[in-house]
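A.B. asks: Take this structure first; my questions come after.
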Amino acid sequence: MKLAIPREGNDPRVALTPDAVAKLSELGVEVCVEKGAGQGAFYADDDYDGATVLDRDALLKSADMVLSIHPLPDEDLAKLSPETVVIAEFKPFADAEITDRLRGHKLKAFSLDMIPRTTLAQSMDVLSSMASIAGYKAVLEASRLLPRYFPMMITAAGSIRPATVLVLGAGVAGLQAIATARRLGAQVEAFDTRSAAKEEVKSLGAKFIEIEGAKEDTGAGGYAVEQSEEFLKRQREEVQNRAMKADVIITTAQVRGRKAPLLVPKSTVEQMKPGSVIIDLAASTGGNCELTQDNQTIVHNKVSILGNSNLAALMPQNASQLYANNVVNFLKILVKDGALNLDLGNEIIRGAYITPAPEANENE
Ligand code: NAD
Numbered sequence: 001m002k003l004a005i006p007r008e009g010n011d012p013r014v015a016l017t018p019d020a021v022a023k024l025s026e027l028g029v030e031v032c033v034e035k036g037a038g039q040g041a042f043y044a045d046d047d048y049d050g051a052t053v054l055d056r057d058a059l060l061k062s063a064d065m066v067l068s069i070h071p072l073p074d075e076d077l078a079k080l081s082p083e084t085v086v087i088a089e090f091k092p093f094a095d096a097e098i099t100d101r102l103r104g105h106k107l108k109a110f111s112l113d114m115i116p117r118t119t120l121a122q123s124m125d126v127l128s129s130m131a132s133i134a135g136y137k138a139v140l141e142a143s144r145l146l147p148r149y150f151p152m153m154i155t156a157a158g159s160i161r162p163a164t165v166l167v168l169g170a171g172v173a174g175l176q177a178i179a180t181a182r183r184l185g186a187q188v189e190a191f192d193t194r195s196a197a198k199e200e201v202k203s204l205g206a207k208f209i210e211i212e213g214a215k216e217d218t219g220a221g222g223y224a225v226e227q228s229e230e231f232l233k234r235q236r237e238e239v240q241n242r243a244m245k246a247d248v249i250i251t252t253a254q255v256r257g258r259k260a261p262l263l264v265p266k267s268t269v270e271q272m273k274p275g276s277v278i279i280d281l282a283a284s285t286g287g288n289c290e291l292t293q294d295n296q297t298i299v300h301n302k303v304s305i306l307g308n309s310n311l312a313a314l315m316p317q318n319a320s321q322l323y324a325n326n327v328v329n330f331l332k333i334l335v336k337d338g339a340l341n342l343d344l345g346n347e348i349i350r351g352a353y354i355t356p357a358p359e360a361n362e363n364e
């Protein structure tokens with residue numbers, strides 16, 4: 001089986017790192033990489049020992065399986081032979097048409113962001129790998145923009161109090177942001193609608209903000225559910241009280257398949273101290289802050305607001321390594337003796353497989 005690794009368009013990461021080539025060869029997978037695919041993550045073509053380096057057209061034409069981070073553009077999908085297996089983060093929960101498009105090209109697609117968030121699948125969880133990097137980078141970006149120290153400083157010229165960081169959404173990214181901000185010496189407080197987050201927040205040395213009445217649903221696969229407007233109003237009031245004292249707000253609150261909840265309205269930004277910073281990781285789904293602009297840093301009323309849902313791309317080497325490790329673990333169950341092992345009895349494969357043939361009796 002020939003596995004193709006194309007160069008990502010606007011992203012320095014690469015879906016497979018050189019160390020994975022030998023591991024995949026043990027599964028009967030022959031790796032082909034596009035010229036320059038690893039360049040942005042500091043891997044030269046020569047580093048891919050045991051792989052064939054091809055130009056894009058030859059790569060796509062010869063592929064049995066294509067692995068990428070972002071979905072390939074339509075013109076590339078059209079170049080693949082029918083029945084080619086494509087693996088990427090297709091985000092079918094956000095893009096209602098992607099599955100039909102892939103089926104239209106007669107491709108078999110596996111979406112890595114649909115792998116269930118279970119203990120068994122943890123080693124294949126690209127969402128967690130990337131969110132963790134994003135949470136770390138969010139704090140570093142905040143420290144870059146903040147005109148003040150994170151840690152307490154006692155100097156001959158006087159003492160500086162530590163920064164206060166407010167983290168909204170304590171999932172994978174939020175928890176890593178809390179840990180990183182704590183390591184830098186900030187005082188951290190955090191909130192999440194999932195009650196399970198409370199102990200995790202506290203174990204990292206941060207304060208958990210209590211807001212009564214959040215809705216939870218154990219059937220949502222661990223994901224948060226949409227809250228009532230009444231709850232969100234109360235939450236915004238609580239955020240407003242704390243925002244006035246915060247130096248940094250990091251927002252990561254997301255509800256899968258929905259617009260991100262609005263937690264930091266313009267009026268709250270306008271009450272923050274001059275020089276304060278908001279990092280909004282929910283930018284691509286509308287943002288948790290009313291003023292966020294996706295992929296931009298703006299300044300409003302002397303408050304910097306950075307909107308970016310792809311901060312993992314700012315650390316392309318480790319991000320590529322972790323992504324590749326996750327994928328190798330997934331391929332260990334998806335490939336057997338160099339061929340696709342479409343075992344739909346396996347819940348991980350079933351969860352990721354987004355283009356199963358429509359049921360024969362669907363239209364009856
Ligand atoms: P996510 O990116 O979908 O959302 C980020 C966080 O925002 C979540 O913690 C969510 O509860 C929170 N949120 C949503 N609405 C909010 C609001 N109004 N106010 C405050 N917070 C709000 O989440 P994620 O980081 O991808 O994690 C999703 C779930 O998967 C979590 O329950 C996590 O513990 C779980 N998980 C499990 C595993 C595993 O067992 N293998 C691995 C990773 C994550």
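With my numbering applied, the sequence shown closes on residue 364, and no number is skipped along the way.
We put the beta carbon where it would ideally sit given N, CA and C, even for glycine.
Alpha carbon to alpha carbon, how far is Leu-204 from Ala-243?
C.D. replies: Going from the Cα of Leu-204 to the Cα of Ala-243 covers about 21 Å.
A.B. asks: What distance in whole Å lies between the Cβ atoms of Ala-324 and Ala-20, which are believed to be in contact at a cut-off of 8 Å?
C.D. replies: Going by Cβ atoms, the distance from Ala-20 to Ala-324 rounds to 5 Å, so yes, they are a contact pair.
A.B. asks: Residues in its own chain within less than 6 Å of Val-165 by CB, not counting five upstream and five downstream?
C.D. replies: Closer than 6 Å at Cβ, skipping near neighbours: Ala-181, Ala-186, Val-188, Val-248.
A.B. asks: Check whether the Cβ atoms of Thr-218 and Gln-254 lie closer than 8 Å to each other.
C.D. replies: Cβ atoms of Thr-218 and Gln-254: not closer than 8 Å.
A.B. asks: Looking at the structure shown, is His-70 part of a helix, part of a strand, or coil, going by DSSP?
C.D. replies: Looking at His-70 - three-state DSSP - the assignment turns out to be coil, as it is neither helix nor strand.
A.B. asks: Apart from the five residues just before and just after Lys-137, which ones in its own chain have a Cβ nearer than 8 Å to its Cβ?
C.D. replies: Contacts found: Leu-311, Ala-312, Leu-314, Met-315.
A.B. asks: Classify Glu-189 as helix, strand or coil using the three-state DSSP reduction.
C.D. replies: Correct three-state label for Glu-189: strand.
A.B. asks: Note down, in chain order, each residue of its chain lying with its Cβ closer than 8 Å to the Cβ of Arg-13, except the 5 sequence neighbours on either side.
C.D. replies: Counting only Cβ-Cβ distances below 8 Å, and skipping sequence neighbours, we find Gly-40, Ala-41, Ile-69, Ala-312, Ala-313, Pro-316, Ala-319, Ser-320, Tyr-323.
A.B. asks: In chain order, what residues of the same chain have a beta carbon less than 7 Å from the beta carbon of Glu-226, not counting five sequence neighbours either side?
C.D. replies: Within the same chain, Glu-226 has close Cβ partners Val-255, Arg-258.
A.B. asks: With C-beta atoms as the reference, is Pro-265 less than 8 Å away from Asn-288?
C.D. replies: Going by C-beta atoms, Pro-265 is not nearer than 8 Å to Asn-288.
A.B. asks: Three-state secondary structure (DSSP) at Gln-240?
C.D. replies: DSSP places Gln-240 in helix when its eight states are reduced to three.
A.B. asks: Where do the N-terminal and C-terminal ends of the alpha helix (DSSP H) with Leu-3 fall, by residue?
C.D. replies: Segment 2 to 5 is the beta strand (DSSP E) holding Leu-3; no alpha helix (DSSP H) there.
A.B. asks: Ends of the beta strand (DSSP E) at Lys-108?
C.D. replies: Where Lys-108 is concerned, the enclosing beta strand (DSSP E) stretches over 108 to 111.
A.B. asks: Can you look up Leu-120 in the DSSP assignment and give me helix, strand or coil?
C.D. replies: Residue state, collapsed to three classes: coil.
A.B. asks: Buried or exposed, going by whether 16 or more other CB atoms sit within 10 Å of the CB of Gly-104?
C.D. replies: Under this definition Gly-104 is an exposed residue.
A.B. asks: Between the alpha carbons of Ala-142 and Ala-352, how many angstroms are there, rounded?
C.D. replies: Computed Cα separation, rounded: 34 Å.
A.B. asks: Val-66 and Glu-89 - do their beta-carbons sit closer together than 8 Å?
C.D. replies: The answer is no: Cβ separation not under 8 Å.
A.B. asks: Can you give me the start and stop residues for the beta strand (DSSP E) that Ile-160 sits inside?
C.D. replies: Per DSSP, Ile-160 belongs to the beta strand (DSSP E) from 158 to 160.
A.B. asks: Would Leu-331 and Leu-24 qualify as a contact pair, given that the criterion is a beta-carbon distance under 8 Å?
C.D. replies: Taking 8 Å as the Cβ cut-off, Leu-331 and Leu-24 qualify as a contacting pair.
A.B. asks: State yes or no: is the C-beta of Asp-64 within less than 8 Å of the C-beta of Val-85?
C.D. replies: In contact: Asp-64 and Val-85 (Cβ atoms closer than 8 Å).
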